[in-house]
């Protein structure tokens with residue numbers, strides 16, 4: 001089945017620790033996106049990548065980093081510089097030229113700081 | 115001011131009712147208009163999209179866009195308990211989408 005796989009589903013992070021969230025897609029989409037979802041705030045764009053080896057900051061990139069070494073993979077690292085990382089993280093991909101309007105989302109990773 | 119404004123609800127309606135969900139946006143450059151449905155603890159799924167002003171119908175769902183007033187609507191006819199979810203509007207340009215906060219809908223028996 002084609003789709004987007006995020007792992008893990010739940011992740012716990014200690015203060016000061018970096019963690020990496022995985023996102024893999026087999027839809028052959030060029031563009032991939034990371035969003036953060038908080039109650040009452042909707043989805044906010046963290047980073048996006050339109051092509052391999054290239055990515056751009058979204059609206060709330062501080063404290064996060066990404067890489068795009070393969071078309072299928074777009075991992076997100078939540079660094080210790082992110083002061084309020086507890087949230088629901090969503091990865092998405094879209095076909096070329098669509099601007100993310102036909103975005104396909106993964107099932108999300110819920111990150112909690114302990 | 116947020117670029118996309120959406121009433122968070124919750125909105126509770128009886129089964130069979132007509133539901134109206136709405137968003138407003140501020141950027142006249144936005145070209146794409148979407149509605150996503152998100153069940154609890156799941157990722158959003160695309161419900162409907164449109165590129166222009168006017169109506170688009172798909173089964174029990176109708177999406178309406180009025181670019182002159184920057185207003186986006188989603189109508190659900192004959193609502194079912196399985197429609198209970200959070201509905202997110204989204205709009206944007208060719209390079210970026212902006213989402214509303216989502217409206218939580220509960221359809222009761």
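Protein chains in written order, with the numbering used here: chain A, 1 to 114; chain B, 115 to 223. A virtual CB, placed ideally from N, CA and C, is assigned to each residue, including glycine.
Less than 8 Å between the CB atoms is what I'm expecting for residue i and residue j, so what's the real figure, rounded?
i                     : j                     : result
residue 178 (chain B) : residue 221 (chain B) : Between residue 221 (chain B) and residue 178 (chain B) the Cβ distance is about 20 Å, and since that is not below 8 Å, they are no contact.
residue 151 (chain B) : residue 185 (chain B) : Contact doesn't hold; Cβ gap of about 20 Å is too wide.
residue 135 (chain B) : residue 217 (chain B) : 5 Å
residue 21 (chain A)  : residue 89 (chain A)  : 6 Å
residue 27 (chain A)  : residue 109 (chain A) : Not a contact, Cβ separation roughly 19 Å.
residue 38 (chain A)  : residue 87 (chain A)  : 5 Å
residue 78 (chain A)  : residue 111 (chain A) : 7 Å
Check for me: the beta strand (DSSP E) holding residue i runs from which residue to which?
i                     : result
residue 219 (chain B) : 217-222
residue 179 (chain B) : 175-180
residue 35 (chain A)  : 31-38
residue 90 (chain A)  : 87-94
residue 206 (chain B) : 199-206
residue 128 (chain B) : 125-128
residue 80 (chain A)  : Run containing residue 80 (chain A): none; DSSP gives neither H nor E here.
residue 110 (chain A) : 109-113
residue 187 (chain B) : 185-190
residue 136 (chain B) : 133-139
residue 73 (chain A)  : Where residue 73 (chain A) is concerned, there is no enclosing beta strand (DSSP E), given that its DSSP letter is neither H nor E.
residue 66 (chain A)  : 64-66
residue 172 (chain B) : 168-172
residue 117 (chain B) : No beta strand (DSSP E) holds residue 117 (chain B); DSSP gives it neither H nor E.
residue 50 (chain A)  : 42-51
Enumerate, from N- to C-terminal direction, the unbroken beta strand (DSSP E) stretches of 3 or more residues contained entirely within the region 2-31 of chain A. DSSP runs (the beta strand (DSSP E)) wholly in the region 2-31 of chain A: 4-7, 10-13, 19-25.
Check each residue of the region 115-144 of chain B: if its Cβ is closer than 9 Å to any Cβ of chain A, include it; give the result in chain order. So the close ones are 116, 118, 120, 122.
Would you mind listing the beta strand (DSSP E) stretches within the region 142-166 of chain B that are 3+ residues and don't spill past its ends, in chain order? Taken in chain order, the complete beta strand (DSSP E) segments of 3 residues or longer contained in the region 142-166 of chain B are 146-152, 159-164.
Which residues of the region 169-183 of chain B have a Cβ closer than 8 Å to any Cβ of chain A? Give them in chain order. Closer than 8 Å at the C-beta level to chain A, one finds no residue of the region 169-183 of chain B.
Below 7 Å between beta carbons is the criterion; list the residues of the region 73-90 of chain A that meet it against any residue of chain B, in chain order. If the cut-off is 7 Å between Cβ atoms, the region 73-90 of chain A has 90 near chain B.
So if I threshold CB-CB distances at 7 Å, which residues from the region 9-31 of chain A count as touching chain B? In summary, no residue of the region 9-31 of chain A has a CB separated from any CB of chain B by less than 7 Å.
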